[in-house]
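Going by the numbering used here, the sequence shown opens with residue 2, and the numbers climb by one from there.
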Amino acid sequence: MGSGQNTLGTAAYMAKAGKKVAVLEQHDFIGGGAVTIERGMPGFKHDLHSVLHYLVQPNPLLANDELGLLSKFGLQYIYPDAVQTTVLSDFSTFELHSDLDKTCESIAKYSQKDAEAYRELAEFGRRVLPMLLAGMYTVPIPLSATLGLLGNSEDGRRLIDMMFRSPLQIVEQLFESDHIKIHIIRAITEHTLGFPDDMGTGLSVLLLTVLLHVYRYGLAVGGSGALPAALARCIEHHGGVIIKNVTVEKVLTRNGRATGLLTTDGEEYAAKDAVIASIHPKKLSHFVDGVPETVLGRARRTEQSPYRLFKIDGGLKEPLRKNVPDHVPQDGIIEWILTDNFRDFIKWFDPLRHGEIDFDRPLIGGGDMQIPGRVPEGNALLYLTQYVPYNLANGGPQKWDSIKERVADNIMEKLTYFMPNLTQDNLLFRKADSPLDMERHSGNSMVEGDPCGLGFQLFQFGGNRPTPELSNYAVPNVERLYLSGPFMHPGAGVFGVGRPVAIKMCDDLGIDFDKLVAN
């Protein structure tokens with residue numbers, strides 16, 4: 002029971018271990034399915050959610066090809082040379098390259114001091130990266146133990162300091178140039194959907210900038226659906242069965258153990274060893290009986306991300322012309338900022354705190370993509386986003402259905418400042434997704450349309466994600482029920498969270514995980 006790569010990843014490890022695996026999917030996520038779909042016209046293949054596979058690259062799932070997804074089951078990536086560029090309203094730019102020296106040269110155009118500070122931060126990141134990665138793709142230890150271990154070294158104590166601070170505090174202390182500060186805050190807030198001054202989220206400054214100098218981001222050939230499709234082929238190769246387009250009503254239990262699943266059409270599926278489910282902690286009581294009320298109460302008190310993403314998918318007759326200097330590479334991510342100073346940029350987050358949409362100063366991004374196999378030759382995919390609230394101050398979430406096209410119109414109008422042919426006469430079709438649409442798409446995982454599952458604050462991070470009782474992927478008092486999803490450690494985005502769930506299951510089932518992945 003689940004969605005996309007999360008439960009499929011766990012099931013693939015179990016299938017490789019010789020366990021009889023059956024996967025029930027509410028939607029057709031397999032082979033592209035509801036992950037990468039043709040939305041408006043034939044030949045235009047859009048990713049409904051994550052486009053970049055960045056944080057999964059260091060995961061041993063791919064780095065060591067533990068399941069043979071790359072060598073046997075058809076998963077392929079392309080890695081653009083360019084990484085990220087931020088363009089301000091005066092058309093000045095900051096370019097982040099995978100090459101650290103080039104990045105520091107870009108920063109030095111505005112501040113030599115900042116270039117030196119960034120290099121020192123990157124070198125610190127490279128020192129501590131093995132330690133961070135070691136805990137990212139396995140079962141997390143309690144947060145108190147993590148802090149105790151980190152406190153034994155100077156680098157560890159610096160990490161603790163970053164963990165407790167806000168991204169805004171860190172960039173204000175380290176840098177003086179508006180260009181670098183805007184770039185870093187824009188990059189991390191798009192991934193974490195957190196406010197720049199959210200305390201306990203400062204580690205993202207390190208993970209979402211410096212990591213790019215060690216691991217490149219990847220674009221899956223064929224779209225993000227290529228990853229679950231490869232996982233599905235792996236499962237079927239090892240004898241597993243995938244059942245699509247069913248809706249699960251309940252996790253069946255007996256004598257304190259998960260025994261199977263009941264679907265809305267009355268079918269029961271028995272589980273010999275275990276059940277893996279992508280159930281948001283706030284939905285546990287709906288699907289599972291026997292969970293202690295203390296566990297459910299803390300699960301209900303988990304916090305969603307402070308805001309959401311509004312997304313536009315579209316098809317373009319011709320690629321977008323961009324008002325950027327000639328030296329700016331256009332095969333990477335470009336972030337468009339409708340101001341040229343950091344003070345104004347930070348103010349733009351304020352309406353989100355109050356459930357308001359800022360039509361005059363929207364936090365918007367995106368552009369076009371020309372990826373072989375995903376768009377007809379000569380055309381381009383359109384992918385645009387804006388930070389928005391879920392619960393609108395005037396009308397609540399249900400109001401989204403009546404205003405989303407107006408929001409989409411405004412995004413396109415504002416972005417013509419940077420991309421002058423982003424106009425109706427260049428548009429073949431357009432599909433807008435509000436946070437309410439995203440909740441409808443995956444309501445038991447993306448509660449309130451939150452693609453991150455939960456916020457990234459320290460109180461629900463690592464061994465506290467989503468709660469201390471549920472952080473090891475098992476459900477108290479319900480033996481052999483395991484949780485997988487963006488609300489679990491290590492978090493949202495394409496992480497490959499199925500791997501740490503598989504480690505926990507192997508421990509419980511007496512399977513040697515190291516031996517399993519060595520084969």
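Even for Gly, the Cβ is constructed at its ideal location relative to N, Cα and C.
Secondary structure at residue i, three-state DSSP: helix, strand or coil?
{"i": "T264", "result": "strand"}
{"i": "F95", "result": "strand"}
{"i": "T8", "result": "helix"}
{"i": "G315", "result": "strand"}
{"i": "D402", "result": "helix"}
{"i": "M370", "result": "strand"}
{"i": "K103", "result": "helix"}
{"i": "G33", "result": "Its pLDDT being 44, under 50, G33 is placed unreliably in this model, and the value from its coordinates should be taken loosely. If DSSP states are grouped into helix, strand and coil, G33 belongs with the helices."}
{"i": "I185", "result": "helix"}
{"i": "T254", "result": "strand"}
{"i": "Y384", "result": "strand"}
{"i": "A475", "result": "strand"}
{"i": "L347", "result": "Residue identity differs from the one stated: residue 347 is Ile in this sequence, not Leu. Here I347 sits in helix by DSSP."}
{"i": "A23", "result": "strand"}
{"i": "D365", "result": "For the sequence presented, residue 365 should be read as Ile rather than Asp. DSSP places I365 in strand when its eight states are reduced to three."}
{"i": "I524", "result": "Because the chain here runs from 2 to 520, residue 524 falls outside it and cannot be looked at."}
{"i": "K114", "result": "helix"}
{"i": "T424", "result": "coil"}
{"i": "E155", "result": "helix"}
{"i": "R407", "result": "helix"}
{"i": "F125", "result": "helix"}
{"i": "R120", "result": "helix"}
Got a sec, what are the start and stop residues for the beta strand (DSSP E) residue i sits in?
{"i": "G499", "result": "G499 -> not in any beta strand (DSSP E); alpha helix (DSSP H) instead, spanning G499 to L510."}
{"i": "V296", "result": "Segment E294 to R301 is the alpha helix (DSSP H) holding V296; no beta strand (DSSP E) there."}
{"i": "K46", "result": "K46 to D48"}
{"i": "V247", "result": "Element bounds for V247: n/a, residue is neither H nor E."}
{"i": "F271", "result": "This sequence places Ala at residue 271; Phe is not what is there. Per DSSP, A271 belongs to the beta strand (DSSP E) from E269 to A271."}
{"i": "V276", "result": "V276 to A278"}
Thinking C-beta only, is residue j closer than 9 Å to residue i?
{"i": "F125", "j": "H184", "result": "no"}
{"i": "L482", "j": "A259", "result": "yes"}
{"i": "L122", "j": "L175", "result": "yes"}
{"i": "M1", "j": "A503", "result": "The first residue shown for the chain is 2 and the last is 520, placing residue 1 beyond what the model contains."}
{"i": "A433", "j": "E406", "result": "yes"}
{"i": "T190", "j": "F350", "result": "yes"}
{"i": "S112", "j": "L213", "result": "no"}
{"i": "G75", "j": "A275", "result": "no"}
{"i": "V247", "j": "T265", "result": "yes"}
{"i": "F165", "j": "G136", "result": "no"}
{"i": "L62", "j": "R500", "result": "yes"}
{"i": "L459", "j": "Y474", "result": "no"}
{"i": "K251", "j": "L263", "result": "yes"}
{"i": "V140", "j": "D508", "result": "yes"}
{"i": "P293", "j": "P477", "result": "yes"}
{"i": "S279", "j": "T8", "result": "yes"}
{"i": "G497", "j": "Y218", "result": "no"}
{"i": "F152", "j": "R158", "result": "Looking at the sequence provided, one finds Gly at residue 152 rather than Phe. Closer than 9 Å, so yes."}
{"i": "P436", "j": "F360", "result": "no"}
{"i": "I335", "j": "L220", "result": "no"}
{"i": "M163", "j": "L207", "result": "yes"}
{"i": "S154", "j": "H281", "result": "no"}
{"i": "I338", "j": "V88", "result": "yes"}
Give me whichever residues DSSP pairs with residue i in a beta bridge.
{"i": "H54", "result": "G219"}
{"i": "E336", "result": "T87"}
{"i": "T190", "result": "Beta-bridge pairing links T190 to no other residue."}
{"i": "T417", "result": "T417 is not bridged to any residue."}
{"i": "A519", "result": "According to DSSP, A519 bridges with nothing at all."}
{"i": "R309", "result": "V389"}
{"i": "E480", "result": "R258"}
{"i": "I79", "result": "L220"}
{"i": "I38", "result": "H47"}
{"i": "I243", "result": "V24"}
For the alpha helix (DSSP H) containing residue i, name the first residue and the last one.
{"i": "F430", "result": "Unbroken run through F430 is the beta strand (DSSP E), L428 to D434; no alpha helix (DSSP H)."}
{"i": "A230", "result": "A227 to H238"}
{"i": "E173", "result": "P168 to L175"}
{"i": "A64", "result": "P61 to A64"}
{"i": "H287", "result": "L285 to F288"}
Practice problem: Indicate whether the contact test is met: 3 or more Cβ pairs, each with one atom in the region 298 to 315 and one in the region 54 to 69, closer than 8 Å. | Solution: no
Quiz prompt | the region 230 to 240 touching the region 66 to 74, judged by at least three CB pairs closer than 8 Å | solution = yes
Practice problem: May I ask you to verify whether the region 187 to 207 touches the region 347 to 356, counting CB pairs closer than 8 Å and requiring at least 3? | Solution: yes
Practice problem: Would you check if the region 437 to 455 and the region 486 to 499 touch, i.e. whether three or more CB-CB distances between them fall below 8 Å? | Solution: Touching, yes, given that three or more Cβ pairs across the two stretches are closer than 8 Å.
Quiz item: Does the region 312 to 319 come within contact of the region 428 to 443, defined as at least 3 CB pairs closer than 8 Å?
Solution: Short answer: they touch.
Practice problem: Count the C-beta pairs between the region 383 to 392 and the region 359 to 374 that are closer than 8 Å, then say yes if the count reaches three, no if not. | Solution: yes
Exercise. Spell out a yes or no on whether the region 368 to 379 and the region 395 to 403 are touching, meaning 3 or more CB-CB pairs, one atom from each, closer than 8 Å.
Key: no
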